[in-house]
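J.: Right, I'll just put the structure down here and ask away after.
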Amino acid sequence: MVVQEKNISKAAARLHVSQPTVSRQLQELEAELGTVLFERGNRTIQLTAAGDYFANQAKQILSLTDKTMANIHQEQDISGAVFVGSAEARSMLTVAQAIGHLNQAHPHVQINLVSTDASEIHQQLSSGVFDFGVVMEPTDKTDYDFLRLPGESRWGLLVQSRSPLAQQATVSLEDVAHTKLILPQQGGSQRIHDLFGLEWADLDVTATYNLLYNASLLVSAGVGNALGLDGIINTNQSDLAFVPLEPRTSSGSSLVWLKGQRLSVAAQALLEQIRAELTPTEN
Numbered sequence: 616m617v618v619q620e621k622n623i624s625k626a627a628a629r630l631h632v633s634q635p636t637v638s639r640q641l642q643e644l645e646a647e648l649g650t651v652l653f654e655r656g657n658r659t660i661q662l663t664a665a666g667d668y669f670a671n672q673a674k675q676i677l678s679l680t681d682k683t684m685a686n687i688h689q690e691q692d693i694s695g696a697v698f699v700g701s702a703e704a705r706s707m708l709t710v711a712q713a714i715g716h717l718n719q720a721h722p723h724v725q726i727n728l729v730s731t732d733a734s735e736i737h738q739q740l741s742s743g744v745f746d747f748g749v750v751m752e753p754t755d756k757t758d759y760d761f762l763r764l765p766g767e768s769r770w771g772l773l774v775q776s777r778s779p780l781a782q783q784a785t786v787s788l789e790d791v792a793h794t795k796l797i798l799p800q801q802g803g804s805q806r807i808h809d810l811f812g813l814e815w816a817d818l819d820v821t822a823t824y825n826l827l828y829n830a831s832l833l834v835s836a837g838v839g840n841a842l843g844l845d846g847i848i849n850t851n852q853s854d855l856a857f858v859p860l861e862p863r864t865s866s867g868s869s870l871v872w873l874k875g876q877r878l879s880v881a882a883q884a885l886l887e888q889i890r891a892e893l894t895p896t897e898n
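So, in structure tokens, the structure goes:
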């Protein structure tokens with residue numbers, strides 16, 4: 616609460632305790648940890664680097680605790696919380712359909728979607744915060760069980776609609792190499808080389824992104840052209856255009872979860888529903 620309010624008095628009021636009580640607890644916590652968590656000013660207090668790290672870890676622990684309690688305190692009907700970290704991908708439609716059908720059968724299951732990149736997904740899966748992740752291929756799945764999701768998205772450039780590139784039916788690798796670029800962070804230079812045979816160091820990189828929506832704002836602002844996947848940004852009635860890459864380069868995605876992980880009843884129900892979505896029905 617102190618982190619949220621940035622003021623001990625306000626935090627104490629929200630917690631319905633006295634200000635000295637909160638101050639004493641903070642001092643005891645810092646003494647126990649052997650480090651300073653807050654920089655105290657006249658009106659507000661700010662987190663130190665150690666405090667920022669500790670606060671973020673505490674939030675993850677509390678989130679994991681809430682999820683665990685929700686999954687333990689189940690009624691006869693399946694209930695509980697499931698956390699899914701997802702990259703931006705068209706194939707999320709399959710997961711969305713599964714969530715819709717699961718909700719009809721088990722309305723007390725709460726699905727929590729977090730849009731993020733592959734590195735964060737792997738980290739949160741390992742820590743137990745996420746039950747599942749949707750990651751773009753290629754990706755290392757050594758430590759994971761996985762399901763390949765249907766559909767692929769084509770790579771191309773997101774450009775301003777008034778750009779000369781927007782008038783082309785496709786863009787070439789040469790076009791990519793000779794324009795100011797906003798590149799995806801996921802996989803870094805190795806992924807750019809594996810997908811396109813381009814060397815990051817030879818490109819004019821003005822910015823990087825982990826979510827294409829944010830990159831689209833940079834494109835609108837004239838920062839550069841974003842290399843990304845089709846179908847994520849709706850360019851209709853906007854100042855942007857998506858121009859596909861030729862030769863055609865596409866990426867699929869997979870649903871992943873940790874090998875050997877014991878899934879909650881709610882998470883297992885979602886997994887079974889996704890498998891059902893992937894199984895062709897017989898007429």
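Counted the way the working numbering counts, the sequence shown spans residues 616 to 898. By construction, the Cβ of each residue, glycine as well, lies at the ideal position given by its N, Cα and C atoms.
Taking a contact to mean a Cβ-Cβ separation below 8 Å, would you say residue 797 touches residue 839 in this structure?
T.: Looking up residue 797 in the sequence shown gives position 182. Looking up residue 839 in the sequence shown gives position 224. Result yes, Cβ atoms of residue 797 and residue 839 sit closer than 8 Å.
J.: If you pair each beta-carbon of the segment 692 to 706 with each one of the segment 656 to 673, do three or more pairs fall below 8 Å?
T.: They do not touch, by the three-pair rule.
J.: Could you give the residue range of the beta strand (DSSP E) that holds residue 866?
T.: For the purposes of this step, residue 866 is taken as residue 251 along the sequence shown, with counting starting at 1. That run of the beta strand (DSSP E) goes 865 to 873.
J.: I need the boundaries of the beta strand (DSSP E) containing residue 625, first residue and last residue.
T.: Stepping through the sequence shown from its first residue, residue 625 is reached at position 10. Careful: residue 625 lies outside any beta strand (DSSP E), inside the alpha helix (DSSP H) at 623 to 630.
J.: Note the first and the last residue of the continuous alpha helix (DSSP H) segment covering residue 635.
T.: Here residue 635 corresponds to residue number 20 of the sequence shown, with the count starting at 1. Here the alpha helix (DSSP H) through residue 635 covers 634 to 648.
J.: Report the rounded CA-to-CA distance for residue 679 versus residue 740, giving the unit in angstroms.
T.: Locating residue 679 in the sequence shown gives position 64, counting from the first residue. Locating residue 740 in the sequence shown gives position 125, counting from the first residue. The straight-line gap from Cα to Cα measures roughly 11 Å.
J.: Evaluate residue 803 with the Cβ neighbour count: other Cβ atoms within 10 Å of its Cβ, from every protein chain shown; 16 or more gives buried, anything less gives exposed.
T.: Your numbering for residue 803 matches position 188 in the sequence shown. With fewer than 16 other Cβ atoms within 10 Å, it is exposed.
J.: Give the range of the alpha helix (DSSP H) segment to which residue 724 is assigned.
T.: As a first step, residue 724 is located in the sequence shown; it is residue number 109 there, counting from the start. Unbroken run through residue 724 is the beta strand (DSSP E), 724 to 730; no alpha helix (DSSP H).
J.: Answer yes or no: do residue 751 and residue 866 have a C-beta to C-beta separation smaller than 8 Å?
T.: Numbered from 1 along the sequence shown, position 136 holds the residue referred to as residue 751. Numbered from 1 along the sequence shown, position 251 holds the residue referred to as residue 866. Contact flag set, yes.
J.: Based on the DSSP output, what are the partners of residue 770 in its beta bridges?
T.: As a first step, residue 770 is located in the sequence shown; it is residue number 155 there, counting from the start. Per DSSP, 844.
J.: Taking DSSP's pairing of strands, which residues face residue 859 in a bridge?
T.: Mapped onto the sequence shown, residue 859 falls at position 244. Beta-bridge pairing links residue 859 to 771.
J.: Identify every run of the alpha helix (DSSP H) within the segment 806 to 830, keeping only runs that are complete inside it and at least 4 residues long; order them along the chain.
T.: DSSP runs (the alpha helix (DSSP H)) wholly in the segment 806 to 830: none.
J.: Could you give the DSSP three-state label for residue 765: helix, strand or coil?
T.: Within the sequence shown, residue 765 is the residue found at index 150, counting from 1. Note: residue 765 maps to strand in three-state DSSP.
J.: Specify the secondary structure class of residue 797 as computed by DSSP and reduced to three states.
T.: Locating residue 797 in the sequence shown gives position 182, where the first residue counts as 1. Correct three-state label for residue 797: strand.
J.: Just the Cα atoms here: how many angstroms apart are residue 820 and residue 785?
T.: Taking the sequence shown and counting its residues from 1, the one referred to as residue 820 is at position 205. Taking the sequence shown and counting its residues from 1, the one referred to as residue 785 is at position 170. Roughly 21 Å between the two C-alpha positions.
J.: With a cut-off of 8 Å, do at least 3 Cβ pairs link the segment 700 to 716 to the segment 724 to 734?
T.: Enough Cβ pairs lie closer than 8 Å, so yes.
J.: May I ask you to report which of helix, strand or coil DSSP gives residue 678?
T.: Residue numbering aside, residue 678 sits at position 63 when the sequence shown is read from its first letter. Looking at residue 678 - three-state DSSP - the assignment turns out to be helix.
J.: Tell whether a beta-carbon distance below 8 Å holds between residue 653 and residue 640.
T.: Translated into the one-based positions of the sequence shown, residue 653 becomes position 38. Translated into the one-based positions of the sequence shown, residue 640 becomes position 25. No, these two residues do not count as a Cβ contact at 8 Å.
J.: Between which two residues does the alpha helix (DSSP H) holding residue 707 run?
T.: Taking the first residue of the sequence shown as position 1, residue 707 is located at position 92. 707 to 720 is the extent of the alpha helix (DSSP H) around residue 707.
J.: Measure the Cβ-Cβ separation of residue 863 and residue 769 and say whether it is below 8 Å.
T.: The residue you call residue 863 lines up with position 248 of the sequence shown. The residue you call residue 769 lines up with position 154 of the sequence shown. Yes. Within cutoff.
J.: Starting from residue 661 and walking both ways along the alpha helix (DSSP H), at which residues does that stretch end?
T.: By one-based count along the sequence shown, residue 661 stands at place 46. Note, residue 661: premise wrong, no alpha helix (DSSP H); beta strand (DSSP E) at 660 to 662.
J.: For the alpha helix (DSSP H) that contains residue 789, what are its first and last residues?
T.: Here residue 789 is taken as the residue at index 174 of the sequence shown, counted from 1. 788 to 792 is the extent of the alpha helix (DSSP H) around residue 789.
J.: Give the straight-line distance between the Cα atoms of residue 717 and residue 878, rounded to the nearest whole angstrom.
T.: Counting from one through the sequence shown, the residue named residue 717 turns up at place 102. Counting from one through the sequence shown, the residue named residue 878 turns up at place 263. Straight-line Cα distance between these residues: approximately 16 Å.
J.: Taking 7 Å as the line, does the beta carbon of residue 746 fall inside it for any heavy atom of the ligand SAH?
T.: Of ligands this structure carries none, so the ligand SAH is not represented either.
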